[in-house]
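Undergrad:
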Amino acid sequence: MRLQQYISNTAADFESADLCFAHGTGNALDESVYLVYGSLGIDYGLSLELADRDLDEEEVRLLDERVSRRIRNREPVAYILGEAWFCGLPFHCDPRALIPRSPIAELIMNGFAGLLQGAPSRIMDLCTGSGCIGIACAMNFPTASVDLVDIDELCLQLASANSDRHGTSDRVRVLQSDLFERVSGRYELIVTNPPYVSAAEIKSLPAEFEHEPGLGLLSEEDGLQIPLRILRQAADYLEEHGLLVMEVGYSAERLAERLRDVPLLWLEFEQGGEGVMAITREQLQHYREQLN
Ligand SMILES: C[S@@+](CC[C@H](N)C(=O)[O-])C[C@H]1O[C@@H](n2cnc3c(N)ncnc32)[C@H](O)[C@@H]1O
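Here my numbering is used: the first residue of the sequence shown is 46, the next is one more, and so on.
1. Could you have a look at Y295 and say whether DSSP puts it in helix, strand or coil?
2. What number of angstroms, rounded off, separates the C-alpha of R98 from the C-alpha of L48?
3. In this structure, how does DSSP classify V217 when only helix, strand and coil are distinguished?
4. Take D223 and list the residues in its own chain whose beta-carbon comes closer than 6 Å to its own, dropping the five residues that flank it on each side.
5. Applying the 10 Å Cβ sphere with the 16-neighbour rule, what's the burial state of A57?
6. Could you tell me whether any non-hydrogen atom of ligand 1 is closer than 6 Å to the CB of P145?
7. If you draw a straight line from the C-alpha of P148 to the C-alpha of E313, how long is it?
8. Please state whether DSSP places P135 in a helix, a strand or coil.
9. R115 to L93, Cα distance in whole Å?
10. Taking only the alpha-carbon atoms, compute the straight-line gap between V112 and S205 and give it to the nearest angstrom.
11. Roughly how many whole angstroms lie between the Cα atoms of S264 and A142?
12. Hey, Y79 and H256: beta-carbon distance below 7 Å or not?
13. If you scan the segment 105 to 172 from start to end, which runs of the alpha helix (DSSP H) of 4 or more residues do you find wholly inside it?
14. Take every Cβ of the segment 240 to 255, pair it with every Cβ of the segment 288 to 298, and state whether three or more of those distances are shorter than 8 Å.
15. Which residue marks the beginning of the beta strand (DSSP E) containing V78, and which one marks its end?
16. S61 lies in the alpha helix (DSSP H); which residues open and close that run?
17. Excluding five sequence neighbours on each side, which residues of the same chain lie with their C-beta closer than 7 Å to the C-beta of G156?
18. Check whether the segment 278 to 288 and the segment 317 to 329 are in contact - that is, three or more C-beta pairs closer than 8 Å.
19. Determine whether the beta carbon atoms of V236 and A183 lie at a separation below 7 Å.
20. In chain order, what are the residue ranges of uninterrupted alpha helix (DSSP H) at least 4 long that sit wholly in the segment 229 to 258?
21. In the DSSP assignment, find the alpha helix (DSSP H) that holds S175 and state where it starts and stops.
22. Do you know how far the Cα of E253 is from the Cα of Q120?
23. Looking at G174 and ligand 1, is the gap between the Cβ and the nearest heavy atom below 6 Å?
24. When every heavy atom of ligand 1 is checked, does at least one fall within less than 6 Å of the C-beta of L276?
25. Is G318 helix, strand or coil when you go by DSSP?
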């Protein structure tokens with residue numbers, strides 16, 4: 046069988062299996078390319094025409110087994126491959142942490158244009174999971190020191206491995222903490238993609254999400270508990286001109302409604318995505334009462 050034919054057959058199988066494409070790709074063909082190229086170590090930059098060749102029996106066996114895991118078990122491709130891409134960088138990826146996919150990637154790649162007064166020297170990635178956001182920040186701000194904070198020790202092991210992979214360990218620290226509990230000092234930028242999915246929403250998520258750790262998704266109080274805790278505490282950990290950037294995804298409308306009088310700046314994305322807000326330390330202090 047030819048590689049291009051295998052990819053198009055697999056895309057058709059994915060389509061008819063009614064899979065959810067929300068963990069790195071947005072459609073059946075891209076998902077098929079992701080699985081096949083990733084499994085065979087083909088550069089994702091190579092076109093289907095240039096990559097086309099005969100597949101040997103062993104390759105077909107490997108691919109068939111992985112396609113079956115994707116369809117029967119609804120396993121996300123990133124977990125099958127053990128790798129996900131974020132900000133153009135590869136990250137180790139396994140069910141210890143959520144699969145990287147935050148639209149915050151676009152902000153990192155453009156240096157938080159229009160949001161920061163200069164390159165930040167101290168950055169915190171709160172609720173870091175695999176470490177993708179903080180490590181990508183470290184790569185894009187080469188003189189910054191970055192703290193990766195998570196409550197879960199297993200996530201932090203994965204985040205450390207990712208930091209080693211990208212050679213950032215001299216500037217990137219991991220810290221186990223319930224939000225800010227064990228944090229000290231102040232940061233110019235706190236970036237966070239915390240859990241924000243309500244218990245009711247979790248029940249209705251497609252089966253692919255069941256492979257991800259619940260701790261990475263669930264937030265009580267209709268998804269708002271953790272985002273609100275962060276908003277209430279962040280000012281104490283930001284420098285005078287510091288900024289908090291937080292993704293709240295599905296919960297954006299509920300948060301905006303709850304904090305009607307607080308000037309949350311909802312960011313726009315050229316590459317898709319929504320539900321990410323920014324707020325300065327000054328504003329967090331000014332509106333402290335409304336956050337309670
Ligand atoms: C939505 S995942 C985000 C992972 C990563 N930032 C990303 O974008 O892929 C949320 C992360 O928050 C962590 N977490 C949950 N509750 C926490 C808490 N109270 N304090 C710190 N981290 C927490 C989870 O372990 C999980 O890794």
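Backbone N, C-alpha and C define an ideal beta-carbon position, used for all residues, glycine too.
Model, not experiment: these values are computed from the prediction.
TA: The structure says:
1. If you number the sequence shown from 1, residue 295 lands on position 250. Taken through DSSP and simplified to helix, strand or coil, Y295 comes out as helix.
2. Stepping through the sequence shown from its first residue, residue 98 is reached at position 53. Stepping through the sequence shown from its first residue, residue 48 is reached at position 3. Approximately 6 Å, taken between the alpha carbons.
3. For the purposes of this step, residue 217 is taken as residue 172 along the sequence shown, with counting starting at 1. Looking at V217 - three-state DSSP - the assignment turns out to be strand.
4. Within the sequence shown, residue 223 is the residue found at index 178, counting from 1. For D223, same chain residues with a beta-carbon under 6 Å away, outside a window of 5 residues either side, are I196 in chain order.
5. Numbered from its first residue, the sequence shown carries residue 57 at position 12. Counting the other Cβ atoms within 10 Å of the Cβ of A57 gives fewer than 16, which makes it exposed.
6. What you label residue 145 is simply residue 100 of the sequence shown in a count that begins at 1. The nearest non-hydrogen atom of ligand 1 is less than 6 Å from the C-beta of P145.
7. On the sequence shown, position 103 is the one that residue 148 refers to. On the sequence shown, position 268 is the one that residue 313 refers to. Spanning the alpha carbons of P148 and E313 requires a straight line of approximately 10 Å.
8. Here residue 135 corresponds to residue number 90 of the sequence shown, with the count starting at 1. The answer is strand: DSSP assigns P135 an E or B state.
9. Locating residue 115 in the sequence shown gives position 70, where the first residue counts as 1. Locating residue 93 in the sequence shown gives position 48, where the first residue counts as 1. Cα to Cα, R115 sits roughly 21 Å from L93.
10. Against the sequence shown, residue 112 aligns to sequence position 67. Against the sequence shown, residue 205 aligns to sequence position 160. Taken atom to atom, the span from the alpha-carbon of V112 to that of S205 is near 30 Å.
11. On the sequence shown, position 219 is the one that residue 264 refers to. On the sequence shown, position 97 is the one that residue 142 refers to. Approximately 16 Å between the Cα atoms of the pair.
12. Along the sequence shown, one-based indexing puts residue 79 at 34. Along the sequence shown, one-based indexing puts residue 256 at 211. Going by C-beta atoms, Y79 is not nearer than 7 Å to H256.
13. Listed in chain order, they are 122 to 126 and 149 to 154.
14. Yes: at least three Cβ pairs fall under 8 Å.
15. The residue given as residue 78 occupies position 33 in the sequence shown. Taken as a continuous stretch (DSSP letters only), V78 belongs to no beta strand (DSSP E), being part of the alpha helix (DSSP H) at A73 to L85.
16. As a position in the sequence shown, residue 61 is number 16, starting the count at 1. Here the alpha helix (DSSP H) through S61 covers L48 to S61.
17. The residue you call residue 156 lines up with position 111 of the sequence shown. If we look at G156 and ignore the five residues flanking it on each side, its Cβ neighbours are N185.
18. The answer is yes - the segment 317 to 329 touches the segment 278 to 288, with three or more Cβ pairs under 8 Å.
19. Residue 236 sits at position 191 when you count from the first residue of the sequence shown. Residue 183 sits at position 138 when you count from the first residue of the sequence shown. Not in contact: V236 and A183 (Cβ atoms no closer than 7 Å).
20. If we require 4 residues or more, the alpha helix (DSSP H) runs fully inside the segment 229 to 258 come out as 244 to 248.
21. By 1-based counting over the sequence shown, the position of residue 175 is 130. Per DSSP, S175 belongs to no alpha helix (DSSP H) and is neither H nor E.
22. What you label residue 120 is simply residue 75 of the sequence shown in a count that begins at 1. What you label residue 253 is simply residue 208 of the sequence shown in a count that begins at 1. Note that residue 120 corresponds to Glu in the displayed sequence, not to Gln. One C-alpha to the other measures close to 6 Å.
23. Within the sequence shown, residue 174 is the residue found at index 129, counting from 1. Yes, the beta carbon of G174 sits closer than 6 Å to at least one heavy atom of ligand 1.
24. On the sequence shown, position 231 is the one that residue 276 refers to. L276: no, Cβ never under 6 Å from ligand 1.
25. Looking up residue 318 in the sequence shown gives position 273. G318: coil per DSSP, three-state reduction.
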